[in-house]
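**Q**
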């Protein structure tokens with residue numbers, strides 16, 4: 288079975304979004320794998336095909352795939368293609384969690400720099416959650 | 053796998069009374085989209101003209117698909133398609149006749165693909181070439197270069213005058229062309245944001261020389277914009293630092309992190325150093341200033 292098109296499954300790769308094009312692609316794929324829209328064992332398009340679908344250079348997709356491969360979220364089989372790894376969903380969620388932790392740290396630092404006390408930062412976080 | 057570059061230029065030199073191109077070494081990997089960028093008068097068109105045998109170089113060699121541009125000129129032209137902004141097809145009357153004329157020279161012409169291009173680019177065979185808009189003529193030129201499926205496509209300013217839809221259609225076709233890893237595209241353009249997005253490699257040509265070259269994303273990410281305070285004279289000769297603007301002791305520059313680092317900058321006496329990423333366009337503006 289040929290891999291399904293990811294064109295509308297992934298968020299559009301845009302210079303107006305944050306992060307480089309390849310980071311956006313990595314984030315989009317992690318999201319789709321993490322929430323199960325792409326399932327373990329499922330074939331991904333070749334990077335040349337995905338480049339055509341997302342309208343980005345081949346090298347951009349290649350880098351994104353290589354990063355996801357390093358993180359063992361996807362794997363490549365010579366001559367067969369690229370597939371979602373068993374446990375890829377968990378690792379995607381872990382990666383997301385790691386990123387969330389980093390962003391929260393950054394937010395805490397900004398808040399501290401704005402002169403907020405730890406207790407105030409805590410209530411700021413809680414407030415954000417309740418919104 | 054055949055790893056011979058699609059285009060290989062070595063030691064190329066062409067001298068004019070007021071301008072010298074080269075010595076130039078440039079290699080375009082097979083299966084890639086390569087963006088050639090440079091300010092007006094940098095030598096982009098001169099280079100492309102030389103590839104197609106318009107004018108003889110003073111030194112060096114050009115090979116396309118392994119064919120030498122002088123000794124294998126016919127074979128080269130059977131493998132390389134050309135588009136340039138000055139091509140005029142008005143004498144053929146309408147689009148259909150221009151297509152029939154060019155098709156006659158090209159045994160590999162693909163009618164179905166030609167039809168597809170007519171549709172995606174939005175031109176009709178019945179249209180009069182004389183009354184086509186500038187963008188319309190560009191589309192026709194591109195169609196004639198693409199439809200015979202050459203191994204290498206060399207496009208000089210292919211998106212000038214195209215609206216956003218047509219530009220996207222063109223880049224979409226170019227990505228489809230390199231899909232089989234066999235065919236290659238060399239594109240010269242001033243639309244740097246497009247090139248940043250669609251090209252695998254870029255070369256920055258300035259005053260006839262290649263200033264910087266590499267995988268597009270790597271080249272862009274390797275550099276950053278830096279701001280600092282420092283005496284200008286101290287930093288003028290730091291390798292990897294290109295000063296963009298300087299006012300009293302405030303300085304804005306671009307840093308090549310392969311050659312220099314923020315630490316080295318500080319060791320040279322730069323204070324209050326701030327850095328941020330840049331775009332291909334911003335890199336281009338400073339390097340070719």
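Chains as they are written, first to last, in my numbering: chain A, 288 to 418; chain B, 53 to 341. Every residue gets a Cβ at the ideal spot worked out from N, C-alpha and C, and that includes glycine.
Against residue 343 of chain A, what residues of chain B qualify as contacts under a CB-to-CB distance less than 9 Å, listed in chain order?
**A** Stepping through the first chain from its first residue, residue 343 of chain A is reached at position 56. Near residue 343 of chain A (Cβ distances below 9 Å), the residues of chain B are 227, 249 and 250.
**Q** When you compare the stretch 147–158 of chain B with the stretch 216–227 of chain B, are there three or more beta-carbon pairs, one atom per stretch, that lie closer than 8 Å?
**A** no
**Q** For residue 267 of chain B, would you say it is in contact with chain A, using Cβ-to-Cβ distances shorter than 7 Å as the test?
**A** Within the second chain, the letter at position 215 stands for residue 267 of chain B. With 7 Å as the cut-off, residue 267 of chain B counts as an interface residue toward chain A.
**Q** Relative to the ligand ZN, is the shortest distance from any of its heavy atoms to the C-beta of residue 188 of chain B smaller than 6 Å?
**A** This structure lacks the ligand ZN, and indeed carries no ligand of any kind.
**Q** Could you work out which residues of chain A lie near residue 224 of chain B, taking near to mean beta carbons separated by less than 8 Å?
**A** Counted from its first residue, the second chain places residue 224 of chain B at position 172. Residues of chain A passing the Cβ test: 339 and 342.
**Q** Can you list the alpha helix (DSSP H) stretches of 4 or more residues lying completely in the stretch 201–249 of chain B, in chain order?
**A** 216–229
**Q** So, does the stretch 392–406 of chain A touch the stretch 56–66 of chain B, judging by three or more C-beta pairs under 8 Å?
**A** no
**Q** Residue 328 of chain B: which of B:273, B:298 and B:236 sits nearest, CA to CA?
**A** Translated into positions along the second chain, residue 328 of chain B becomes position 276. The shortest C-alpha separation from residue 328 of chain B is found at B:273.
**Q** Give the residues from the stretch 296–309 of chain A that approach chain B closer than 9 Å (Cβ to any Cβ), ordered along the chain.
**A** 300, 302, 307, 308 and 309
**Q** Check for me: the beta strand (DSSP E) holding residue 323 of chain B runs from which residue to which?
**A** In the second chain, the residue the question calls residue 323 of chain B occupies position 271. Boundaries of the beta strand (DSSP E) around residue 323 of chain B: 323–328.
**Q** Does DSSP classify residue 167 of chain B as helix, strand or coil?
**A** Taking the second chain and counting its residues from 1, the one referred to as residue 167 of chain B is at position 115. DSSP places residue 167 of chain B in helix when its eight states are reduced to three.
**Q** On the three-pair Cβ rule with 8 Å, is the stretch 231–239 of chain B touching the stretch 85–94 of chain B?
**A** yes
**Q** With distance defined between alpha-carbon atoms, name the residue in B:261, B:330, B:147 and B:171 nearest to residue 182 of chain B.
**A** Stepping through the second chain from its first residue, residue 182 of chain B is reached at position 130. Per the Cα distances, B:147.
**Q** Short of 8 Å in beta carbon distance, which residues of its chain neighbour residue 112 of chain B, apart from the five on each side in sequence? Order them along the chain.
**A** What you label residue 112 of chain B is simply residue 60 of the second chain in a count that begins at 1. Closer than 8 Å at Cβ, skipping near neighbours: 61, 62, 63, 64, 65, 74, 75 and 76.
**Q** Threshold first: 4 residues or longer. Then list the alpha helix (DSSP H) segments lying entirely within the stretch 121–172 of chain B, N to C.
**A** 125–131 and 147–157
**Q** Skipping 5 residues on each side, what residues in its chain have a beta carbon closer than 6 Å to that of residue 207 of chain B?
**A** Residue 207 of chain B sits at position 155 when you count from the first residue of the second chain. For residue 207 of chain B, where only same-chain residues beyond five positions count, the Cβ hits under 6 Å are 135 and 239.
**Q** Name the DSSP bridge partner or partners of residue 13 of chain B?
**A** Here chain B comprises residues numbered 53 to 341, so residue 13 of chain B is not present and cannot be evaluated.
**Q** Would residue 331 of chain B and residue 258 of chain B qualify as a contact pair, given that the criterion is a beta-carbon distance under 7 Å?
**A** Counting from one through the second chain, the residue named residue 331 of chain B turns up at place 279. Counting from one through the second chain, the residue named residue 258 of chain B turns up at place 206. Against a cut-off of 7 Å, the Cβ pair of residue 258 of chain B and residue 331 of chain B comes out as no contact.
**Q** Would residue 13 of chain B and residue 186 of chain B be called neighbours here (beta carbons separated by less than 7 Å)?
**A** Since the displayed chain B opens at 53 and closes at 341, residue 13 of chain B lies outside it and no answer follows.
**Q** Find the residues of chain A that neighbour residue 231 of chain B, judging by a C-beta separation of less than 9 Å, and give them in chain order.
**A** One-based indexing of the second chain puts residue 231 of chain B at position 179. Neighbours of residue 231 of chain B on chain A, chain order: 333, 335, 336, 338, 339 and 345.
**Q** Please classify residue 230 of chain B as buried or exposed, where buried requires at least 16 neighbouring CB atoms within 10 angstroms.
**A** If you number the second chain from 1, residue 230 of chain B lands on position 178. With 16 or more Cβ atoms within 10 Å of its Cβ, residue 230 of chain B is classed as buried.
**Q** Check residue 341 of chain B in the structure and name its three-state DSSP category.
**A** As a first step, residue 341 of chain B is located in the second chain; it is residue number 289 there, counting from the start. Assigned with DSSP and collapsed to three states, residue 341 of chain B falls in coil, not helix or strand.
**Q** With C-beta atoms as the reference, is residue 320 of chain B less than 7 Å away from residue 290 of chain B?
**A** Walking along the second chain from the start, residue 320 of chain B turns up at place 268. Walking along the second chain from the start, residue 290 of chain B turns up at place 238. Yes; because the gap between Cβ atoms is below 7 Å, this pair is in contact.
**Q** For the stretch 72–94 of chain B, list every residue whose C-beta sits within 9 Å of some C-beta in chain A, in sequence order.
**A** Along the stretch 72–94 of chain B, going in chain order, the ones with a CB nearer than 9 Å to a CB of chain A are 83, 84 and 85.
**Q** Are the beta-carbon atoms of residue 132 of chain B and residue 143 of chain B separated by less than 7 Å?
**A** Counting from one through the second chain, the residue named residue 132 of chain B turns up at place 80. Counting from one through the second chain, the residue named residue 143 of chain B turns up at place 91. Their beta carbons are not under 7 Å apart, which means residue 132 of chain B does not touch residue 143 of chain B by this criterion.
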